[in-house]
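Trainee:
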Amino acid sequence: MGAVYRARDLLTGEQVAAKVLLDPSPVHLARFEREAALLSRLSHPGIVRHVAYEAPADGTPYLIMEWLDGEDLAHLLSRRKLSVDETVELAVRVASALETAHTRGIIHRDLKPGNIFLVGGRINQPKILDFGIAQPTGNDRLTGAGSLIGTPGYMAPEQARSGDDIGTPADVFALGCVLFECLTGTRPFQADHVMALLARIIFEEAPRVFMRCPEVPEWLDDLVARMLMKDPARRPADGAALVAELAAQEVVEAPVSFAPVSAITGSERRFLGVVVLGRQTAAPADVTMPDSGAAMPARDLQDIAAMFEARLELLADGTAVFFVSHPTVPTDIAARVARCALALAVYAPGRPMAMTIGWGEIGLGLPVGDAIERAGSLLRRGGKPTGRGPQILCDEGTAALLEARFTVAKTSEGMMALRGERAQDEIWRPLLGKSTPFVGRDHELRLLEQTFASCVEEPMARVVLVTGPAGMGKSRLLQEHIGRLREGVTRGEPPAEVWIGRGDPLRAGSTGGLLAAALRGAAGIRGSEALAVQQTRVQALVARHVATQEQGRVAEFLGELIGVPFDDEESLPLRAARQDPDLLGEQMLRALRDLLRATCAATPLVLILEDVHWADRASVTMVEAVLRELADQPLLVLASARPEVDEIFPQLWAERGRQAMRLGQLSPKAGTRLATQALGEGAEAGLVERVVAQSEGHPFFLEELIRAAAGGQVDALPVSVVAMVQVRLEALDPKVRLVLRAASVMGQVFWRGAVEHLVGSEGAAHVHACLAALVDQEICVRHRQSQFSGEEELAFRQGLLREGAYALLTEEDRALGHRLAAEWLEGAGEADPLVLAAHLERGGFPAQAAMYILRGAELASARQAYLDAERCYERAAEVLEPLPIGAQRGRGLTRFRLGRHRDAVAALRAARETAAAEQEIGAELELLLDEAMVLDWMGEYREAEALVSAAQKRSSRVVSPLLRARLLLGVGRSLHRASHQEDAAAVLRLAVEQAEALGDQGYETHLIAQLLLGFILPMLGRVDEAAQALDEVIARCEARSDLLHLGAALSNRGLVRGYREDREGMVSDFERTVALGRELGQPALELVGRYNLAETLFLMGDLEGADPEVRAVRAMAARSGDLHPPASVVLLWARLRLLQGDEEGALAIAAQVRAAESEAGQALSPSEEVFCAMIELSAGHGTSAAWDALEARSTYCSVGQERVEVLEARGLSAMRRRHRGEAIKHLERALAAAATTPTVMGNRLRRWLSDIVGATTVTSSGRSHRATSTSAAYNR
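With UniProt numbering, the residue at position 883 of the sequence shown is 883, and numbering never jumps.
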């Protein structure tokens, strides 16, 4: 209506605000004049001051007001909520301003945050603006019925409803909305469009402030609740009444918090129907609405509402809304709504109309919920007058409910529209009267029996994955198979052990959760017995079949896997593993494998894993490893999952020969057999036929229809699972439904104590009886054993039943329920942090949830489930910014173990910067050394050395002996990389001594320092010392069952044995390294062992032996899934091709390596760069200057062997160009360099020289490997 400009008062010189009328129509001019007149009557510090008003006869009217600097409340609320004190301060001052206006007979009618200006941005200086639609009390209205005046998000119900009188309580309601938003950060009523918002204001009770702001004082929560009452008479009458109430309250600095709600309420969601007839509007909910035109006459609309027992509301924008909430059956609601819409179409042909069925909340007034939201959306998309008869739009879900009784077709715009009614079918309501037989899966059962038989007879490990949508009978199929296995024992067939683990949505992602459930069940552990009892049962499980000498180790690490810890005081391997997450994960997998192998040796084993789509990656990976390692054992893994498992775990166990079994619909014959047996032979054939046809082959639907037939109810047709469950649950007593809703919060499995906690002290007295009723009606089942000692454990009979009960929860109850669930589970001793985190997240406590998620990340890392750990860190980082220093460090090390080295450096660097800022010197030093370790792994030796140097400078303030030992290790590594091998060895000796003095605490540092010494000493000519150091490392690893570090030690010793020309020992060590990598599920370790064997054979000159090993390394790298295999692997292939005489092939491979690294945005390591250049110079006849430069660069490579190979390549290049003297010179230089470098190339070089100058000039001190002559290969 107007625009505001900054101006200057020529009389006073002060800045003023000039509001200019833009639309000079009579209505707007009258409003403008009224605003000026009303404002001139008001004088209050909380109301913008009137200065002047002018209406020139030949010009544009303008209103002059005081100029204000600051911001409006809406801008402040877009950034943050207000504190309780700030809100009360604001309320007092705005109420005082309203008191002045109301005393003078003025109603603002558009109070909202955008019209409350904070002078200087200060809460204690608010001013009310914009009296453009204000109205004197008792005056004639400038708008008629059907007009929408005000801002929908802050309108009182009497403003939102057509034809109601508006008085001072409307301003009280609007201020209540403002205060609610200040305290909670959200408006009390929200919707995507105006029509739905108006309906919510009229029908829905406002939520209480304390549900979203627990710290609000009780008196303030009560005051805001009364300000938001639907009935104006129940609100404070006006500004004066508000001022009086606020003055009566004593606001202290720390107001007493409102007692938190301790139980979920009796409110619940239910299905209802909505018909919307009227105009479409898409104005935002915070924009002041103009006059929208005359409302429709109401008498005929009220007659139609009465005809269909609907509730009618006429909104201020002219829209008519009809609500149908009875009967409770969704299809009957849909039918009644459809008939109401068809009657309206006759009354108002061609008018836009929409109808929907959906969820709404009951218990807080008439439910509206998403049904009216979707109706409004339909009108916006396609609700235009057609002039061609009725256009009654509906959504897909509503159309599905109507199809049995009404004609529904698509419009030209692709939307669904109701056309008319057709013959009505008679449908039975579901009520389960008796158990049902298992039919229609004979083929699947035979297949499972045959698979088990072949698994036992051959024997061999097999895996079958049964998939199908929820309710298709996957669990029932597996149960029937178990029953037949047990029946077979009675017929004299060999017995089989059956272990069962079930996935749970709240435990999805919890490391090892699925396997732990199966193992705990096999051990007979309920979950809450005394620890000693649980330990005894683990030991008993292991003692059944595991060899006596291995039982202690297997039991201890099995306990770690399933959450039953043993004392490590007398167990060195257990104590060591707990200090090393990688080692712990490897030992748990080893224990699992040994247990299963021993069990399978005694009896066939069937491992049932249900709901794998809710499994954790660690369990899936362990099963993969077990299937691989026990391929020759009678082990059958039977798993079930929903179809989305293929997205969650692509190619699940495909490499292990997975047999897929997808459950489809039941045949009509099977459905008829089931219905006849359940209903009895005397059931009418027509009834059975109708039930089977309506089920469409879906087993769960069919069972629900049988329940309806058995109960004799005929007024419900289930067409969706949620609607079906709703119908069934509606028949329960309200107290039973309350208990059921509480149980659904816990998940598929729940406990009586938890339900009592959720329903509160008043409802707890009824829980036992209600649970008994749920069991009797076969909605829930009791478990014989319970996870928590002394707690009765139950479960929903079907996951869909749980989902249906959960859908009944209101949003407020759902959040509260999850908070209470987390509270109870923590007190009960829930060991899985991700379960607690899931409840806290859904309960609206993301920060607390994040702390449990971080604990989950630590546990995942301990089990080597690094992908799970990284996902946990990522989830926590979305809430906690930044992560705690320890978590940042854990995330960096996790990324390092995943091979994401640059990401690891970024995380560790961020953690280090945080530690420095917080002056956490010890943490900063740890992180400096961690970052240096990763950079060293990446080949960034100078940067790594700089970080170690920085750590040295800060070390004077560190008193931790372990940190000092780690620092020595870092310094020794840096000296090694800088080719100061003597100094490096001396420092590493000190690190070994200091770490050894620390005992178990220094074990890992001691071990790594010894490993580095085993690598460095050969460079100093001290090969025997290196061998001795590595023998000691291997002995210590074997004593502690430290297989992870054992693999690295064996790899290093294999190199040393090569230097000592112990070919048999070398090959043995490398092959053991490969086997350990495979056993541990560590492809990186497997790749290192295979690579070292291939390269050593190549360097020895055994090209025939090296060729298949190099091919195996390339194949292994390709299977890793990386887009580009490691450059070192590809370059080994190129080096072999070069030595075999294929220079062009080698050059092409080197070019591919450079292209791949460039595409990936990564630089080659110094060693890789040297080899690429060497191949390029060899194939391209490089100049002497280029070779000299390459020699210089090769000197700085980490091992030193690269320079020997470069000199050899230069000599061979000269030989190819027939420069015999130059070739001999460079080969002799290579041989001299080899004498000072740990390498196996000596004999190979001697053979080259022998081929050139004759056998008499060179004496070979080593045995000759004559598999393939390197010189012959080169000159082919």
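For each residue, glycine too, the CB sits at the ideal point set by N, CA and C.
Note that this is a predicted model, so its numbers are computed, not measured.
Look at the Cβ atom of L1138, then the Cβ atom of S1184, and state whether they are nearer than 8 Å.
Mentor: For the purposes of this step, residue 1138 is taken as the residue at position 1138 of the sequence shown. For the purposes of this step, residue 1184 is taken as the residue at position 1184 of the sequence shown. No. Outside cutoff.
Trainee: What residue ranges within the stretch 452 to 483 form continuous beta strand (DSSP E) runs of no fewer than 3 residues, ordered along the chain?
Mentor: Runs of the beta strand (DSSP E) inside the stretch 452 to 483: 462 to 467.
Trainee: In whole angstroms, what separates the C-alpha of R966 from that of L929?
Mentor: In the sequence shown, counting from the first residue as 1, residue 966 sits at position 966. In the sequence shown, counting from the first residue as 1, residue 929 sits at position 929. Straight-line Cα distance between these residues: approximately 8 Å.
Trainee: Of the residues A1026, A944, R989, which one's Cα is nearest the Cα of V905?
Mentor: Along the sequence shown, read from residue 1 onward, the residue named residue 905 stands at position 905. The shortest C-alpha separation from V905 is found at A944.
Trainee: Indicate whether G972 and A1009 have their beta-carbon atoms separated by less than 8 Å.
Mentor: Locating residue 972 in the sequence shown gives position 972, counting from the first residue. Locating residue 1009 in the sequence shown gives position 1009, counting from the first residue. In this structure, A1009 lies closer than 8 Å to G972 by Cβ.
Trainee: Could you tell me which whole alpha helix (DSSP H) segments of length 4 or greater appear in the stretch 1031 to 1095?
Mentor: Qualifying alpha helix (DSSP H) stretches, in chain order: 1043 to 1059, 1063 to 1080.
Trainee: Whose C-beta lies closer than 6 Å to the C-beta of V498 among residues of the same chain, with five residues either side of it excluded?
Mentor: Locating residue 498 in the sequence shown gives position 498, counting from the first residue. Only I482, V606 meet the Cβ criterion.
Trainee: Any idea what DSSP makes of L794, helix, strand or coil?
Mentor: By one-based count along the sequence shown, residue 794 stands at place 794. Correct three-state label for L794: strand.
Trainee: Confirm, please, whether the CB-CB distance from E874 to R895 is below 8 Å.
Mentor: Within the sequence shown, residue 895 is the residue found at index 895, counting from 1. Within the sequence shown, residue 874 is the residue found at index 874, counting from 1. No; because the gap between Cβ atoms is not below 8 Å, this pair is not in contact.
Trainee: Please identify the residue among M472, R235, G1065 whose C-alpha is closest to the C-alpha of G671.
Mentor: For the purposes of this step, residue 671 is taken as residue 671 along the sequence shown, with counting starting at 1. Closest by alpha carbon: M472.
Trainee: Is P650 buried or exposed, if buried means 16 or more other CB atoms sit within 10 Å of its CB?
Mentor: Residue mapping note: residue 650 aligns to position 650 of the sequence shown, counting from 1. Flag for P650 reads exposed.
Trainee: Grab the span of the alpha helix (DSSP H) containing P126 for me, first residue to last.
Mentor: For the purposes of this step, residue 126 is taken as the residue at position 126 of the sequence shown. No alpha helix (DSSP H) contains P126, which is instead part of the beta strand (DSSP E) from 126 to 128.
Trainee: At what residue ranges does the stretch 59 to 139 contain a whole run of the alpha helix (DSSP H), taking only runs of 4 or more?
Mentor: Those alpha helix (DSSP H) runs which fall completely within the stretch 59 to 139 and span 4+ residues are 73 to 77, 84 to 103.
Trainee: So G817 packs on A742, CB below 8 Å; how close in whole Å?
Mentor: Stepping through the sequence shown from its first residue, residue 817 is reached at position 817. Stepping through the sequence shown from its first residue, residue 742 is reached at position 742. With a Cβ gap of about 7 Å, G817 and A742 count as contacting.
Trainee: Specify, as a first and last residue, the run of the alpha helix (DSSP H) that Y1003 falls within.
Mentor: Position 1003 of the sequence shown holds residue 1003. Note, Y1003: alpha helix (DSSP H), 1003 to 1016.
Trainee: Going by beta-carbon coordinates alone, are T100 and L11 separated by less than 8 Å?
Mentor: In the sequence shown, residue 100 corresponds to position 100, counting from 1. In the sequence shown, residue 11 corresponds to position 11, counting from 1. Contact: no.
Trainee: By DSSP's criteria, G501 is part of a beta bridge. Which residues make up the other side?
Mentor: For the purposes of this step, residue 501 is taken as residue 501 along the sequence shown, with counting starting at 1. G501 is bridged to L609.
Trainee: Quick check on DSSP: helix, strand or coil for P284?
Mentor: On the sequence shown, residue 284 is found 284 positions in, with the first residue counted as 1. Interpretation of P284 is limited by its pLDDT of 45, a score under 50 that renders its predicted location unreliable; no figure is taken from the coordinates.
Trainee: Considering only C-alpha positions, which residue in the set P1083, G1077, G1065 is nearest to T1096?
Mentor: Residue mapping note: residue 1096 aligns to position 1096 of the sequence shown, counting from 1. T1096 has its Cα closest to that of G1065, out of P1083, G1077, G1065.
Trainee: Suppose you measure from the CA of V755 to the CA of L246; what does that come to, to the nearest Å?
Mentor: Reading the sequence shown from its first residue, position 755 is the one you call residue 755. Reading the sequence shown from its first residue, position 246 is the one you call residue 246. So the alpha carbons of these two residues sit roughly 40 Å apart.
Trainee: Could you give the uninterrupted runs of the alpha helix (DSSP H) lying entirely in the stretch 610 to 634, keeping only those of 4 residues or more?
Mentor: Those alpha helix (DSSP H) runs which fall completely within the stretch 610 to 634 and span 4+ residues are 617 to 629.
Trainee: R109 to Y806, Cα distance in whole Å?
Mentor: For the purposes of this step, residue 109 is identified with residue 109 of the sequence shown, where counting begins at 1. For the purposes of this step, residue 806 is identified with residue 806 of the sequence shown, where counting begins at 1. Spanning the two alpha carbons is a distance of roughly 41 Å.
Trainee: DSSP puts T603 in a beta bridge; with which residues?
Mentor: For this step, residue 603 is matched to residue 603 along the sequence shown. DSSP output for T603 lists no bridge partner at all.
Trainee: Decide if Q919 is buried, meaning its Cβ has at least 16 other Cβ atoms within 10 Å, or exposed.
Mentor: As a position in the sequence shown, residue 919 is number 919, starting the count at 1. Per the 10 Å Cβ criterion, exposed.
Trainee: Run the CB neighbour count on L740, radius 10 Å, all protein chains shown included, and call it buried at 16 or more, exposed below.
Mentor: Here the question's residue 740 lines up with position 740 in the sequence shown. When all chains shown are included, L740 counts as buried.
Trainee: Can you name the start and end residues of the beta strand (DSSP E) that L561 belongs to?
Mentor: For this step, residue 561 is matched to residue 561 along the sequence shown. First-last for L561: 548 to 562, but that is the alpha helix (DSSP H), not the beta strand (DSSP E).
Trainee: At what residues does the beta strand (DSSP E) containing K410 begin and finish?
Mentor: Translated into positions along the sequence shown, residue 410 becomes position 410. Where K410 is concerned, the enclosing beta strand (DSSP E) stretches over 406 to 410.
Trainee: Measuring only the C-alpha atoms, how far is H443 from A601?
Mentor: In the sequence shown, residue 443 corresponds to position 443, counting from 1. In the sequence shown, residue 601 corresponds to position 601, counting from 1. Each residue's alpha carbon lies about 30 Å from the other.
Trainee: Quick one: residues in its chain with C-beta nearer than 6 Å to the C-beta of A577, no 5 flanking neighbours on either side, listed in chain order?
Mentor: Residue mapping note: residue 577 aligns to position 577 of the sequence shown, counting from 1. Cβ neighbours of A577 beyond the five flanking positions: L583, L584, Q587.
Trainee: Can at least three beta-carbon pairs, one atom from the stretch 555 to 562 and one from the stretch 530 to 539, be found at a separation below 8 Å?
Mentor: Yes: at least three Cβ pairs fall under 8 Å.
Trainee: Within a Cβ cutoff of 8 Å, which residues of the same chain sit near E823, ignoring the five residues on either side of it in sequence?
Mentor: The residue labelled residue 823 in the question sits at position 823 within the sequence shown. Around E823: H757.
Trainee: Flag this pair as touching only if the stretch 332 to 347 and the stretch 184 to 194 have three or more C-beta atom pairs under 8 Å; answer yes or no.
Mentor: No, they do not touch.
Trainee: Take L541 and list the residues in its own chain whose beta-carbon comes closer than 7 Å to its own, dropping the five residues that flank it on each side.
Mentor: As a position in the sequence shown, residue 541 is number 541, starting the count at 1. Only A522, A523 meet the Cβ criterion.
Trainee: In this structure, does DSSP put W653 in helix, strand or coil?
Mentor: What you label residue 653 is simply residue 653 of the sequence shown in a count that begins at 1. Note: W653 maps to coil in three-state DSSP.
Trainee: Just curious, the beta strand (DSSP E) that Q15 is in, first and last residue?
Mentor: Taking the first residue of the sequence shown as position 1, residue 15 is located at position 15. Where Q15 is concerned, the enclosing beta strand (DSSP E) stretches over 15 to 21.
Trainee: For P45, tell me which candidate among F32, K81, L118 has the shortest Cα-Cα distance.
Mentor: For this step, residue 45 is matched to residue 45 along the sequence shown. Closest option to P45, Cα to Cα, is L118.
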